[in-house]
Amino acid sequence: MPEVIIVGAGPVGLLMGAELRRFGVEAEILEAREHAGAASRAIGVHAPTLGALEESGLTERLLAEAVTVGRGEARSGSRLLGTVRFDRLSTRFPFVATLPQPQTERVLAAAAPEPRRGTPVTGVRTEESGVQITAGGEELRVPLVVLAGGVRSRDLVYRSTEAHSYRDRYLMADLPVGERADEEAAVVHLDAQGVLESFPLPGQRRRFVAWDPPEAPGRPGGRLGRMARALELRGEAATAAGLASHSEDGSVPGSTAVTAFGVSRYVAPSMRNGRLFVIGDAAHEVSPIGGQGMNLGLLDAATLAPLLARWVRSGNAPDQDLRTWEKARVTSARRAAALAAMNTVLGRPAPGARNAVRAQALRLMLGPVGGRVFAHAYAMGLDAGS
């Protein structure tokens, strides 16, 4: 019988399994899905996460597959409003590493116990000396449980799970772009019709995320046509021309299909109930505009694993350190959620004079001093684990 059961085999659950294995703790990962996910969602790994994973060797393996982003640029039309320089931060990893999420998961999975797939967890009950769970129709009792199953596992532990849903909708695709002058920069186009973000990926591709008008779902042309139009209007005409000639199934060589998504915000007030711990999106969900959600969960796991290992080895709960951990992680989630909310608002359409005012405000904010502050915040320097 394992000493710890981890619910969820996404990046957060896999990292928890890998770290517990490294500390000599027997852990089992249960996953409802039969197969690992193929979709590329989160792509950025920030400096605090890279620092937390360095001792295990995972950072080196991730960087071997990633590209590094040393700066971010804010643009409006043909104008450069300002630059955020990650490469000037006083940190061991002065950049953001980007790679598709399936590659991140493969790196983590190689160091973690093999997940038991097709095993949904449908019930959790905490007791003084253990945790009772219902998994795949089977009753299991284990000393410690870590819920890392994402949003879908939230209902297992929290009474109130209603998230704040933003009215904003976005389109997303990973597209081939070839060589370009900004191939090492993240670029945010702030357009009167909404934001377009793009981030470098391995293989001369970029992740594009475009604000999508609320009336768009019924518009002729579908997601691919809307993405091509957003690219054309927001500074990516060459990429739009290549995309517009292909079919809706994402058959552009080297691309993913164009997907649509909405965003929500949820931060649980607590992440521990006795021997039960909740981490990752199960405990906090933030808008992906800003790219900090996965990193929050990875830092949850990296900072919790040594405390659980100490508990297992000694037989005594390190309660004071666990209280400190929980307070720090909830605080970090609230900070990330606030930053993501600001990014979401900044990326909305701003017709006419509002767009000019926004551009001028950002030009001032991204000056020499403000640019350093923004770089610190966007590189997760506000996280308690940094």
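Start counting the sequence shown at 25; every next residue gets the next number (my numbering).
From the three backbone atoms N, C-alpha and C, an ideal C-beta is built for every residue, glycine too.
Residue burial classification, residue i (beta-carbon count within 10 angstroms, cutoff 16)
i	result
S414	Beyond the ends of the chain as shown, which are 25 and 410, falls residue 414; an answer cannot be given.
A42	buried
M25	exposed
T83	buried
E309	buried
R337	exposed
G286	exposed
T146	exposed
P238	exposed
S80	buried
V381	exposed
E129	buried
S100	buried
D305	buried
P72	buried
R183	exposed
A62	exposed
V49	buried
Spatial neighbours of residue i in its chain, beta-carbon cut-off 6 Å, leaving aside the 5 residues before and after
i	result
T417	Residue numbering for the chain in the displayed model covers 25 to 410; residue 417 lies beyond these limits and cannot be assessed.
Q156	R149 and R165
T379	Note that residue 379 is Asn in the sequence shown, not Thr. So the list reads A216, once near-sequence residues are dropped.
A33	I53, E55 and P139
Q125	S64, R65 and A66
R258	H213, D215 and L220
A361	R289, V291 and V310
E256	A264
Neighbourhood of residue i by C-beta, 7 Å cutoff - its chain only, sequence neighbours within 5 removed
i	result
M295	F301, V302, I303, A307, E350, R353 and V354
A254	L195, L220 and A234
G395	G106, T107, V108 and R109
A133	L38
T368	Y190, D192, V287, S311 and I313
A98	L105, G106, V212, L214, L386 and L390
G154	R165, V166, P167 and R299
Unbroken alpha helix (DSSP H) run spanning residue i, endpoints
i	result
M196	It is not in any alpha helix (DSSP H) - M196 instead sits in the beta strand (DSSP E) that spans H188 to P200.
G409	Premise fails: G409 is in no alpha helix (DSSP H) and is neither H nor E.
L123	Counting along the chain, L123 falls outside any alpha helix (DSSP H), and DSSP gives it neither H nor E.
G100	For clarity, residue 100 is Ser in the given sequence; the question names Gly instead. From DSSP, S100 is part of no alpha helix (DSSP H) but of the beta strand (DSSP E) over R95 to S100.
R65	It is not in any alpha helix (DSSP H) - R65 carries neither H nor E in the DSSP assignment.
E84	L82 to E89
E350	D343 to L370
V381	A377 to M389
R45	P35 to R46
A499	Since the displayed the chain opens at 25 and closes at 410, residue 499 lies outside it and no answer follows.
L77	A71 to L77
F398	P392 to Y402
Residue of the options minimising C-alpha distance to residue i
i	options	result
A261	R57, T280 and F232	F232
A210	E203, L225 and R191	L225
A197	R396, E186, G339 and S64	S64
G227	A325, A90, Q316 and A98	A90
I454	Y402, G266, S184 and V148	Here the chain has residues from 25 to 410 only, and residue 454 is not among them.
T21	L74, R359 and V397	As shown, the chain starts at 25 and ends at 410. That puts residue 21 outside it, with no answer to give.
G314	G339, G259, T280 and A364	A364
P342	T263, R299, V36 and E58	R299
A136	E52, D236, T92 and P373	E52
M318	A56, V28, V36 and R334	V36
I67	A385, L331, A326 and S222	S222
A284	T92, G249, T348 and G266	G249
A357	M404, A383 and P375	M404
D206	V393, T92, L171 and L87	T92
L74	T327, A377 and A374	T327
H400	G96, L113, E58 and A374	L113
A60	V282, R141 and V169	R141
heavy atom of the ligand NAP below 7 Å from residue i C-beta
i	result
A360	Within the structure as shown, the ligand NAP is missing, as the structure has no ligands at all.
First through last residue of the beta strand (DSSP E) which encompasses residue i
i	result
T283	T283 to V291
F110	Segment: none, F110 is in no beta strand (DSSP E) and carries neither H nor E.
V463	Shown here, the chain extends from 25 to 410; a query on residue 463 therefore has no answer.
F223	G218 to L225
D215	A209 to D215
A51	A51 to E55
Same chain only: Cβ atoms within 8 Å of residue i, ignoring 5 sequence neighbours per side
i	result
H188	S288, R289 and Y290
P244	Per-residue confidence for P244 stands at a pLDDT of 49, beneath the threshold of 50, marking its modelled position as unreliable; no derived number is given.
Chain B within 8 Å of residue i, Cβ atoms only
i	result
E203	No chain B appears in this structure, which consists of one protein chain only.
Inter-residue CB distance, residue i and residue j (contact presumed, cutoff 8 Å)
i	j	result
R229	V201	6 Å
P330	F47	6 Å
G218	R372	6 Å
R203	G94	According to the sequence provided, residue 203 is Glu. The question's Arg does not apply to it. Not quite, the Cβ-Cβ distance comes to about 17 Å (not below 8 Å), so this is no contact.
A172	M40	6 Å
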